[in-house]
Amino acid sequence: MLATQLTIDQLASRIPDGAKLALPPDYAYCSLIAARALMRRKAKNLHLVGVPSLGFQADMLIGAGCVDIVETAAVTLSEYGLAPRFTAAIKGAKIKMMDATCPAIHAALQASEKGIPFIPLRGLIGSDILAHREDWKVGKNPFAENDPIVYLPALKPDVALIHAPVGDKYGNVWVGVRREQMLMAHAASETFVTVEEIVDGNLMDDLKMKAGTIPGLYISGITESDKGAWPLGIPGGYNADHEHLRRYVDLAQTDEGFQQYMDEFITEASSEAAE
Amino acid sequence: MKAVVPEEILINAIAANLDGLRHVAVGASSPIPGAAALLARSRSQGRMRVSILGSEDNNFFSDGGKEIFDVAGQGRMDAFFLSGAQIDGKANVNLVSVGEYQQPKARFPGSFGSGYLYFVVPRVILFRLEHTPRTLVEEVDFISAPGFSDDNVYRPGGPHKLITNRCLFDVDKKRKCFRLESIHPGHSVDEIHEQTGFKFDLPEGEIPETSTPNTDTLSIIRGEVASEISEIYPAFAARVFGVNSTV
Numbered sequence: 001m002l003a004t005q006l007t008i009d010q011l012a013s014r015i016p017d018g019a020k021l022a023l024p025p026d027y028a029y030c031s032l033i034a035a036r037a038l039m040r041r042k043a044k045n046l047h048l049v050g051v052p053s054l055g056f057q058a059d060m061l062i063g064a065g066c067v068d069i070v071e072t073a074a075v076t077l078s079e080y081g082l083a084p085r086f087t088a089a090i091k092g093a094k095i096k097m098m099d100a101t102c103p104a105i106h107a108a109l110q111a112s113e114k115g116i117p118f119i120p121l122r123g124l125i126g127s128d129i130l131a132h133r134e135d136w137k138v139g140k141n142p143f144a145e146n147d148p149i150v151y152l153p154a155l156k157p158d159v160a161l162i163h164a165p166v167g168d169k170y171g172n173v174w175v176g177v178r179r180e181q182m183l184m185a186h187a188a189s190e191t192f193v194t195v196e197e198i199v200d201g202n203l204m205d206d207l208k209m210k211a212g213t214i215p216g217l218y219i220s221g222i223t224e225s226d227k228g229a230w231p232l233g234i235p236g237g238y239n240a241d242h243e244h245l246r247r248y249v250d251l252a253q254t255d256e257g258f259q260q261y262m263d264e265f266i267t268e269a270s271s272e273a274a275e
Numbered sequence: 276m277k278a279v280v281p282e283e284i285l286i287n288a289i290a291a292n293l294d295g296l297r298h299v300a301v302g303a304s305s306p307i308p309g310a311a312a313l314l315a316r317s318r319s320q321g322r323m324r325v326s327i328l329g330s331e332d333n334n335f336f337s338d339g340g341k342e343i344f345d346v347a348g349q350g351r352m353d354a355f356f357l358s359g360a361q362i363d364g365k366a367n368v369n370l371v372s373v374g375e376y377q378q379p380k381a382r383f384p385g386s387f388g389s390g391y392l393y394f395v396v397p398r399v400i401l402f403r404l405e406h407t408p409r410t411l412v413e414e415v416d417f418i419s420a421p422g423f424s425d426d427n428v429y430r431p432g433g434p435h436k437l438i439t440n441r442c443l444f445d446v447d448k449k450r451k452c453f454r455l456e457s458i459h460p461g462h463s464v465d466e467i468h469e470q471t472g473f474k475f476d477l478p479e480g481e482i483p484e485t486s487t488p489n490t491d492t493l494s495i496i497r498g499e500v501a502s503e504i505s506e507i508y509p510a511f512a513a514r515v516f517g518v519n520s521t522v
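Protein sequence lines, in the order shown, are assigned to chains A and B. Mapping of the first sequence onto this note's numbering: position 107 corresponds to residue 107, and the numbering continues sequentially without gaps. Mapping of the second sequence onto this note's numbering: position 43 corresponds to residue 318, and the numbering continues sequentially without gaps.
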């Protein structure tokens, strides 16, 4: 079966307002081109899920007013310091925060992947992460006496949005060692993906590629997007655009600066939309 | 030989707590713990594995972001490092916020894996280079991970040491508090009392000075370790060891 190929703006229109949207961390494969398309279409009320953490793309979406809820183990720009729009939104109580810990996000997605309603996880008891998560419960280990353990409800994103080096016309998408992207696709209701290149042939025909390939079964739409992660990089592909990222961090310290960034790189980036 | 620098004393002191372990994991942006782990690995004659998280080249995991936590949950990770915007006298760690959680005065990136790893990794070494009443507090504003748990909570892991730019604390698991273990050269117990926001125990007798690395250790640190660490943290290696990365 052939994949549904979309333009970047069609892809963004398939991610509805209010969607629970799973995103990878900056060091994996992030679709910044799709994030910009979401900002251009003025997406609203998104519930971001960091798998397990978020970075530049979340900071931009928050700054652009697309986000109501952030569920993640962290929002970090690593060596660039604190995420400015996220920090401002939290301090202004503009977004609802659902703090988590990395393995809780992975485990709750695994529950969804398996189609089970919840999954137990060690740790967390006595933390304020747990204290602030009304959706998490401390339960009994049914196989032992007096052994409290945290139960996490299955986490089922409406949409997983990822980027990858290559896909094929059947919607198979190679993510290699970034297998959390595979977990995201298994767990989410729909997965939209941008790829650097849609290659000829079928990725599943090569067993070495197949081991790191998400089957087209999970993929609702695919967009060919050269440098789709820019200004982030992709491992094994191209490096992050450090100068641009530094400029973003400088500008995004203020509302006005962030607006200037938006005007320059997002609202005006119509050439990107026309592709 | 060039004089010993404070970073080398910290690397040496941390490595002493890692010798003999099978697998030590280090978080991203932790050059001193990273160097300490590489020193201990060098002395282990091939028996220790070190994984540096968030580094593409220096971890051996192949099953996605969850694998490191599964590894830890099974007891296959012996030591890990945690820091905190605040650390309190009960070894609670705060990586989230200062002030009211819903509308904080300061917000940090978040808890990452701490809410889990602190429970399951046997030797968690707390590491904070800013030793002041602002960071080492009586009570944290948000507990990302608690230092200690009730007896019925599954807790094979927990705090092992707290090391700062001024001193090394041991952990008293029975009394659930820190005990000063040694003071780094050039610092004093009065200064440590003044700069620590929580109460801590003192050792019996005279308080030792944190030892400086011997000649053999220094040559490993400045040779093999400096060279390896420069590939991961080039700016750190250039500043501390004068080593320039070849990558």
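Ideal Cβ positions, reconstructed from N, Cα and C, are used throughout, including at glycine.
Within the region 426-451 of chain B, contact with chain A at the beta-carbon level (separation under 7 Å) is assigned to Asn427, Val428, Tyr429. B:Ser457 sits in a strand when the DSSP states are folded into three classes. Between A:Ala74 and B:Gly385 a beta carbon distance of about 3 Å is seen, short of the 8 Å cut, so the two are scored as contacting. B:Val280 and B:Val515 have their alpha carbons spaced roughly 8 Å apart.
The C-alpha of A:Asp17 is placed about 14 Å away from the C-alpha of A:Ala160. Per the C-alpha coordinates, the member of B:Ala303, B:Ser304, B:Gly295 positioned closest to B:Leu314 is B:Gly295. Taking 8 Å as the Cβ-Cβ cut-off, the region 45-76 of chain A approaches chain B at Val51, Pro52, Ser53, Thr72, Ala73, Ala74, Val75, Thr76, given in chain order. The beta carbon of B:Arg398 is closer than 7 Å to those of Asn292, Asp353, Ala354, His435 in its chain, skipping five residues each way along the sequence. Counting C-beta atoms within 10 angstroms of its own C-beta, A:Asn141 has fewer than 16 neighbours from the protein chains shown and is therefore classed as exposed. Measuring C-alpha to C-alpha distances from B:Ile418 to each of A:Tyr151, A:Leu155, A:Ile69, A:Asp99 identifies A:Asp99 as the nearest.
Identification of chain B residues near A:Met182 by a Cβ-Cβ cut-off of 9 Å yields Gly339, ordered along the chain. By the criterion of a C-beta distance shorter than 6 Å, B:Glu342 is surrounded in its chain by Phe336, once the five residues flanking it on both sides are discounted. DSSP, reduced to helix, strand and coil, places A:His106 within a helical segment of the structure shown. By the neighbour-count criterion, in which a residue is buried when 16 or more other Cβ atoms sit within 10 angstroms of its Cβ, B:Val301 is buried. When secondary structure is reduced to three states using DSSP, A:Glu190 falls in the strand class. Here B:Phe453 has Gly364, Ala366, Leu437, Phe444, Asp445, Val446, Asp447, Phe473, Phe475, Asp476 as same chain residues with Cβ atoms under 8 Å from its own Cβ, once five neighbours each way along the sequence are excluded. Around the beta carbon of A:Tyr238, a 10 Å sphere encloses fewer than 16 other beta carbons of the protein chains shown; the residue is thus reported as exposed. The region 225-232 of chain A makes no contact with the region 199-207 of chain A; the number of CB pairs closer than 8 Å stays below 3. Contacts with chain A at 8 Å (Cβ-Cβ) do not include B:Phe511. Apart from the 5 residues on each side of it in sequence, A:Leu6 sits with its Cβ closer than 6 Å to the Cβ of Gly221, Thr223 in its chain, given in chain order.
Not a single CB atom of chain A sits nearer than 8 Å to the CB of B:Arg454.
In the DSSP secondary-structure assignment, A:Lys169 is not bridged to any residue.
A:Ala12 is classed as buried because its beta carbon has at least 16 other beta carbons within 10 Å across all chains shown.
Interface annotation, A:Lys91: in contact with chain B, CB-CB separation under 8 Å. Contact residues of the region 195-216 of chain A toward chain B are absent (C-beta to C-beta distance below 7 Å). Against B:Gln378, the close residues of chain A are Ile90, Lys91, Gly92, Ala93, in the order they occur along the chain (beta-carbon pairs closer than 9 Å). In this structure, B:Glu484 places its C-beta atom within 8 Å of the C-beta atom of B:Ser457. A:Thr213 sits in a strand when the DSSP states are folded into three classes. Of all residues in the region 344-373 of chain B, the ones placed with a Cβ closer than 7 Å to any Cβ belonging to chain A are Phe344, Gly348, Val371, in chain order. Following the DSSP letters along the chain, one finds B:Ser494 inside the alpha helix (DSSP H) bounded by residues 490-495. Counting only runs of at least 3 residues, the region 199-266 of chain A fully encloses the following beta strand (DSSP E) elements, listed from N- to C-terminal order: 219-224. Residue contact check for A:His186 against chain B: no CB pair falls below 8 Å.
Membership of A:Met1 in any beta strand (DSSP E) is not indicated, and neither H nor E is assigned to it by DSSP. Look at the beta carbons and you see the region 114-122 of chain A touching the region 149-158 of chain A: at least three pairs across the two are nearer than 8 Å. Chain-ordered, the chain A residues with CB closer than 8 Å to the CB of B:Val395 read Arg122, Gly123.
If the five residues before and after A:Ile125 are omitted, its C-beta is found closer than 7 Å to the C-beta atoms of Val138, Pro148, Val150, all from its own chain and listed in chain order.
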